[in-house]
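*Asks:* Numbering (mature numbering (1 follows the signal peptide of the UniProt record, and there is no 0)), first residue to last: -16 to -1, 1 to 128.
Would you mind keeping the following structure in view while I ask a few things?
Below, the structure written as structure tokens:
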């Protein structure tokens, strides 16, 4: 009987995956989770993402520790929704989202944002475009 109570608590941890690779990614259920350490050479340290679940929604966390390059972005760990039908920005009426944001540590600068890429060609690749629209939801600057 105790086994049945323990299994649900162990199962999510057993399914969790972590990557510290610069461009490490996980895919599933219409989501892409990316480590995106594009500015890592601006400082010394590491950044890792852990996929907790991608079904029915994306659940993940990022862990990092950097020193040096205080005015340089090191990474934008992110989750992307794979939208099969491309849309005009003017036709997007909303992007319902639920997010939890927490941190530990000090000397932190971070944000949570929507990052949309658009292009005049409707068949452009989805990871970049002619224009970038970034909508910041949360920004943190903690100096200790």
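Note that CB positions come from ideal geometry on N, CA and C, so glycine has one too.
1) Using the Cβ count rule (16 or more neighbours within 10 Å means buried), how would you classify residue 70?
2) Excluding the five sequence neighbours on either side, which residues of its own chain have a C-beta within less than 8 Å of the C-beta of residue 1, listed in chain order?
3) Taking 6 Å as the limit between beta carbons, can you name the residues of its chain near residue 101, skipping five residues before and five after?
4) Comparing C-alpha positions only, which one of 76, 87, 120, 77 sits nearest to residue 95?
5) Do the CB positions of residue 107 and residue 60 come within less than 8 Å of each other?
6) Label residue 31 either buried or exposed according to how many other C-beta atoms from any shown protein chain fall within 10 Å of its C-beta, with 16 as the threshold for buried.
7) Measure the C-alpha to C-alpha separation of residue 51 and residue 67 and round it to an integer number of angstroms.
*Replies:* In short, the structure shows the following:
1) Stepping through the chain shown from its first residue, residue 70 is reached at position 86. Residue 70 is classed as exposed because its beta carbon has fewer than 16 other beta carbons within 10 Å across all chains shown.
2) Counting from 1 along the chain shown, the entry for residue 1 is found at position 17. Cβ neighbours of residue 1 beyond the five flanking positions: 10, 34, 35.
3) Taking the first residue of the chain shown as position 1, residue 101 is located at position 117. Once the five neighbours on either side are set aside, the close Cβ partners of residue 101 are 112, 113, 116.
4) As a first step, residue 95 must be located in the chain shown, where it is residue number 111. Of the residues 76, 87, 120, 77, the one whose Cα lies closest to the Cα of residue 95 is 120.
5) The sequence position of residue 107 within the chain shown is 123, counting from 1. The sequence position of residue 60 within the chain shown is 76, counting from 1. Contact: no.
6) The residue labelled residue 31 in the question sits at position 47 within the chain shown. Here residue 31 is buried: its Cβ has 16 or more other Cβ atoms, across all protein chains shown, within 10 Å.
7) Residue mapping note: residue 51 aligns to position 67 of the chain shown, counting from 1. Residue mapping note: residue 67 aligns to position 83 of the chain shown, counting from 1. Each residue's Cα considered, the two are about 36 Å apart.
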